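Chemist: Under numbering that gives the first Met the number 0, the residues of the sequence shown are numbered 0 to 224, in order.
Even for Gly, the Cβ is constructed at its ideal location relative to N, Cα and C.
No experiment lies behind these values; they were computed from the predicted model shown.
First the structure, which I've put down as structure tokens, then a few questions once you've had a look.
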Amino acid sequence: MIKRVVSYLRVSTAKQGRSGLGLEAQRTNIEAFASANGFKIVAEFIEVQSGKGSDALDRRPELKAALDRGKLLACPVVVAKLDRLSRDVAFISNLMAQGTPFYVADLGPDVDPMVLHIYAALAQKERFLISQRTRQALAAKKARGETLGNPNLCECRNIDTTNATAARGASQDALDKAVLVVVSDARRVGIVSIRGLQDHLNDMGVGGKAWSYGAVQRLLGRLAA
């Protein structure tokens, strides 16, 4: 008998959803997991929604639909990474109580429920620490009298074309400095891969844009220089 699974993918912003950023990587991970473990993916659900909050299921109809399909077909739901479900322990516990089993491709098919709780707790703590350190860094800058964001934004909007290149460079430098705080904090808690930093920057909404793998590579190159 063929073992069936339902696939669930999630990105945090509408722009990511339209561009496909992050979705292909998740799909590739899930397909590799299914192939390695003899599963057949019978349905795929894609969500464009933040995963924050223990009540997030009420705001994520595609996840609810994936769980309902899993119940109907008596098969598990698969996600690429645990944080595609949530970084909230209460949310993960609630899902486990729903009765539909789920697999995390990165962790394999034989992970004990207690281990999932531990991973969820670590992810929740990681999110809290990064958020706390980012707020502290911004507060410290403000206390030193530094202007948060781009202090020359108004001027940049009104410059003539002869100064456009220089203004763009200054704006990029300001963004890079702000992002460096987030990247440094992420690295301190173990997020060191380009893919991990990409997911983190997108989840945090840093820079008000969707970060691609290549954009993170270029960012790290500029910071290193």
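1. Our contact map puts ALA42 next to ARG68 with C-beta atoms below 8 Å; I'd like the distance itself, whole angstroms only.
2. Mark ARG134 as exposed unless 16 or more other C-beta atoms lie within 10 angstroms of its C-beta, in which case mark it buried.
3. Under the DSSP definition of a beta bridge, which residues are partnered with TYR7?
4. With a threshold of 16 other CB atoms inside 10 Å of the CB of ILE91, please say whether the residue is buried or exposed.
5. I'd like to check one pair, VAL180 with LEU200: are the Cβ atoms closer than 8 Å?
6. With distances taken between CB atoms, is the gap from ARG86 to LEU8 smaller than 8 Å?
7. So, are the CB atoms of VAL103 and VAL4 less than 8 Å apart?
8. From LYS39, VAL182 and GLN25, pick the residue whose C-alpha is nearest to that of ALA223; which is it?
9. As a quick exercise: from LEU71, LEU219, ARG186 and SER6, pick the residue whose alpha carbon is nearest that of PHE38.
10. At the level of alpha carbons, what is the spacing between ALA138 and GLN131?
11. Alpha carbon to alpha carbon, how far is SER211 from VAL191? Give it in angstroms, no decimals.
Modeler: Concretely, from the data shown:
1. What you label residue 42 is simply residue 43 of the sequence shown in a count that begins at 1. What you label residue 68 is simply residue 69 of the sequence shown in a count that begins at 1. Contact flag correct, Cβ pair sits at about 5 Å.
2. Start at 1 with the first residue of the sequence shown, and residue 134 comes out as number 135. ARG134 counts as exposed, since fewer than 16 other C-beta atoms from the protein chains shown sit within 10 angstroms of its C-beta.
3. Against the sequence shown, residue 7 aligns to sequence position 8. Assignment of beta-bridge partners to TYR7 by DSSP yields PHE44.
4. Taking the first residue of the sequence shown as position 1, residue 91 is located at position 92. By the 16-neighbour rule on beta-carbons within 10 angstroms, ILE91 is buried.
5. Indexing the sequence shown from 1 puts residue 200 at position 201. Indexing the sequence shown from 1 puts residue 180 at position 181. Not in contact: LEU200 and VAL180 (Cβ atoms no closer than 8 Å).
6. For this step, residue 86 is matched to residue 87 along the sequence shown. For this step, residue 8 is matched to residue 9 along the sequence shown. No, the Cβ-Cβ distance between ARG86 and LEU8 is not below 8 Å.
7. Along the sequence shown, one-based indexing puts residue 103 at 104. Along the sequence shown, one-based indexing puts residue 4 at 5. Result no, Cβ atoms of VAL103 and VAL4 do not sit closer than 8 Å.
8. Position 224 of the sequence shown holds residue 223. Relative to the Cα of ALA223, the nearest Cα in the group LYS39, VAL182 and GLN25 belongs to VAL182.
9. Counted from its first residue, the sequence shown places residue 38 at position 39. The shortest Cα separation from PHE38 among LEU71, LEU219, ARG186 and SER6 belongs to SER6.
10. Walking along the sequence shown from the start, residue 138 turns up at place 139. Walking along the sequence shown from the start, residue 131 turns up at place 132. If I take the Cα positions, the gap works out to 10 Å.
11. Start at 1 with the first residue of the sequence shown, and residue 191 comes out as number 192. Start at 1 with the first residue of the sequence shown, and residue 211 comes out as number 212. Computed Cα separation, rounded: 16 Å.
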